[in-house]
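These notes concern the structure reproduced below.
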Amino acid sequence: MVLSSHRNFTTMEQHLKTTSLTNLHISLGAKMVPFAGYNMPVQYTNLIQEHHAVRNSLGMFDVSHMGEFILKGEKALDLIQSVTSNDASKLEDGKVQYSCLPNDQGGIVDDLLVYRWKADEYYLVVNASNIEKDWNWISSHNTFGVEMANMSDAMSLLAVQGPNAIKALQKLTDVDLSSLEYYSFTMGTMAGIKDVIISNTGYTGSGGFELYMMNNDAETVWNAVMEVGKEYDIIPCGLGCRDTLRLEKGFCLYGHDIDDTTSPIEAGLGWITKFTKEFTNSAHHKVIKENGPKKKLVGFEMIDRGIPRQHYIIQDANGNAMGEVSSGTQSPTLNKAIGLGYVATEHSKPGTEIYINIRDRALKAVVCKIPFL
Amino acid sequence: MNFPENLRYTSDHEWVRVEGDVAIVGVTDFAQRELGDIVFVEIESAGKTLAQHEIFGTVEAVKTVSDLFMPVSGDVIEVNKGLDTNPEAINSDPYGNGWMVKIKMSNAAECDALLTSAAYAAEVGV
């Protein structure tokens, strides 16, 4: 077999960005891979064990590669409303909203989280691979005189995820975490570090918090969380299980399920595409919503034996191609092969049989509701 | 890492154990560690005659798909059916229950040219 991980990455590694915890990950024995231009841990000891730790108890991810922008000024909301699809005017102080940046070609520049700290101060959290693209895109639409700062290289982000995250983190802070609702955040002291952004968000669907801090403080917080997490058998988790965890919950991943060419309506993101206001290309998306999309992103599980992977062709019973798999994996929780992919709308109803072309064989799958669990 | 001395190895990380004119084939301890948790094995080559270096199946970890190559030419006379339900045997016992196929060799000399344990260990650098 050819092992993709057995290439010589030495030259590439010299060009990879690091997080403030990269050396710590290496010392923990993590398997490091290039991801979005960063040298990131894909797993420490065992992906499936890491997956179950988050689902059942507690795990921690270094996701410092994610990008953070600060938008300040009287017109900050106006800028956000003009470039994002969701209605940010519904946000209150300390609330978070999932949204996307539509482009002017019918696709998506990126998906992101919008944090409102104050009426004139917002934080945007974007995908690592899109930091520069998003920055340029938003800047080019900033006709509002909004003060923008790209904090991505200065800030770290730790995702402490799992049902026991709240109990473990409560030992490190005076902030009453139980009062912090899902998609809410505050700023407080965590593990002795002041002004940590404590956000009840995550990409695992297992509960938990995301902690934003300056790079210098990341190791202190990481070590403190590992210590208080011991009682819940915390383990560090890599990007590998982050992907299987999010896929089981049907969360879209940029570059896979959504990209510069996919419509948010087709991607099932109608719930964050609000026509209560105008935004980039909103008239186009409104027409798609009113007429109904021709294709849709669906979840499916394999009936025949096989694992779907990105770009595998989805076929109907007669062998006609009708779309592609956008994400797929063996679900560690369900112990089934699952995937997301685009199909013609008439084949999108749960229960519909579809076929995935895996190594030139049409293997049967069935459309199902997402989340998978 | 464990590379038994009584086996032969390929640069593609397969191992071969010779019993008479039959070669038993699997993937190495190094390979299974690099791949991580094996979740799926697909070997559709039972009964086929394949040349050295041809693909006889695929093995999938959670994140990756890898082709498996014939270390020697011959007929695939048996496939390890146990891997259908227990693919993790490749991780836990790569040289035992993790075996993949048995090949009736058509040219045993090919086997003599495969890597020794020491040569393979040197190649993967462990």
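Just so you know, the sequences run in chain order V and A. The numbering used here numbers the first residue of the first sequence as 2 and each following residue consecutively. The numbering used here numbers the first residue of the second sequence as 28 and each following residue consecutively. Cβ coordinates follow ideal geometry from the N, Cα and C atoms, glycine included. Because the structure is a prediction, the values reported are computed rather than measured.
Are the CB atoms of residue i and residue j nearer to each other than 8 Å?
i: Ser130 (chain V); j: Val115 (chain V); result: no
i: Thr55 (chain A); j: Pro121 (chain A); result: yes
i: Trp223 (chain V); j: Leu59 (chain V); result: no
i: Ile65 (chain A); j: Asn29 (chain A); result: no
i: Val176 (chain V); j: Leu212 (chain V); result: no
i: Val89 (chain A); j: Leu254 (chain V); result: no
i: Leu246 (chain V); j: His52 (chain V); result: yes
i: Val68 (chain A); j: Ile130 (chain A); result: no
i: Asn165 (chain V); j: Ser185 (chain V); result: no
i: Met127 (chain A); j: Gly84 (chain A); result: yes
i: Glu69 (chain V); j: Ser141 (chain V); result: no
i: Val299 (chain V); j: Ser349 (chain V); result: yes
i: Tyr313 (chain V); j: Glu302 (chain V); result: no
i: Cys238 (chain V); j: Phe373 (chain V); result: no
i: Gln44 (chain V); j: Ala31 (chain V); result: yes
i: Met2 (chain V); j: Asp94 (chain A); result: yes
i: Val226 (chain V); j: Leu159 (chain V); result: yes
Using only CA atoms, which one of the options lies nearest to residue i?
i: Ile339 (chain V); options: V:Lys296, V:Asp361, V:Phe252; result: V:Phe252
i: Ile371 (chain V); options: V:Gly269, V:Ala160, V:Thr187; result: V:Gly269
i: Asp258 (chain V); options: V:Leu4, V:Trp118, V:Ser328; result: V:Ser328
i: Ser207 (chain V); options: V:Ile167, V:Leu125, V:Val229, V:Met67; result: V:Ile167
i: Asp121 (chain V); options: V:Ile81, V:Trp136, V:Val367; result: V:Ile81
i: Ala135 (chain A); options: A:Ala149, A:Asn113, A:Asp102; result: A:Asp102
i: Phe280 (chain V); options: V:Gln311, V:Asn24, V:Pro103; result: V:Pro103
i: Gly163 (chain V); options: V:Ile235, V:Thr330, V:Asn282; result: V:Ile235
i: Leu240 (chain V); options: V:Leu25, V:Leu17, V:Pro35, V:Leu29; result: V:Pro35
List the DSSP bridge partners of residue i.
i: Thr462 (chain V); result: Shown here, chain V extends from 2 to 374; a query on residue 462 (chain V) therefore has no answer.
i: Tyr255 (chain V); result: V:Ile259
i: Ile130 (chain A); result: A:Ala50, A:Val103
i: Ala345 (chain V); result: V:Lys296
i: Glu228 (chain V); result: None; Glu228 (chain V) has no bridge partner.
i: Glu211 (chain V); result: V:Ala160, V:Ser200
i: Leu125 (chain V); result: V:Phe70, V:Val115
i: Gly60 (chain V); result: V:Gln162, V:Ile236
i: Cys242 (chain V); result: Its beta-bridge partners do not exist; DSSP assigns none.
i: Arg44 (chain A); result: A:Ile51
What residues of chain V sit near residue i, judged by a beta carbon separation below 8 Å?
i: Asp157 (chain A); result: This structure gives no information on residue 157 (chain A), because the portion of chain A shown stretches from 28 to 153.
Residue i touches chain A at which residues, Cβ-Cβ below 8 Å?
i: Gln331 (chain V); result: Val66, Phe67, Glu87, Val89
i: Gln44 (chain V); result: Gly63
So with CB distances below 7 Å, who are the chain A contacts of residue i?
i: Phe48 (chain V); result: Sequence check: residue 48 (chain V) is Leu here, not Phe. Result: Gly63, Asp64, Val89.
i: Thr1 (chain V); result: Nothing can be reported for residue 1 (chain V), as the shown portion of chain V is limited to 2 through 374.
i: Gly241 (chain V); result: Val89, Lys90
i: Thr245 (chain V); result: Val89
Just to confirm, does residue i get its C-beta within under 7 Å of one of the non-hydrogen atoms of the ligand GTP?
i: Gly324 (chain V); result: Of ligands this structure carries none, so the ligand GTP is not represented either.
Under 9 Å (Cβ pairs) to chain V, residues found in the region 77-102 of chain A: If the cut-off is 9 Å between Cβ atoms, the region 77-102 of chain A has Thr85, Val86, Glu87, Ala88, Val89, Lys90, Thr91, Val92, Ser93, Asp94, Leu95, Phe96 near chain V.
Cβ-based contacts, 8 Å cut-off: residues of the region 51-66 of chain A near chain V: Within the region 51-66 of chain A, the residues whose Cβ lies closer than 8 Å to some Cβ of chain V are Val54, Ala58, Glu61, Leu62, Gly63, Asp64, Val66, listed in chain order.
Members of the region 350-365 of chain V that neighbour chain A once the beta carbon cut-off is set at 9 Å: For the region 350-365 of chain V, the set of positions with a beta-carbon nearer than 9 Å to some beta-carbon of chain A reads Ile359, Arg360, Arg362 in chain order.
With 8 Å as the C-beta to C-beta threshold (strictly closer), list the residues of the region 292-321 of chain V near chain A in chain order. Cβ contacts with chain A come from Arg306, Gly307, Ile308, Arg310.
Check distances from the C-beta atoms of the region 99-119 of chain V to those of chain A and list, in chain order, the residues that come in under 9 Å. Within the region 99-119 of chain V, no residue has a Cβ that lies closer than 9 Å to any Cβ of chain A.
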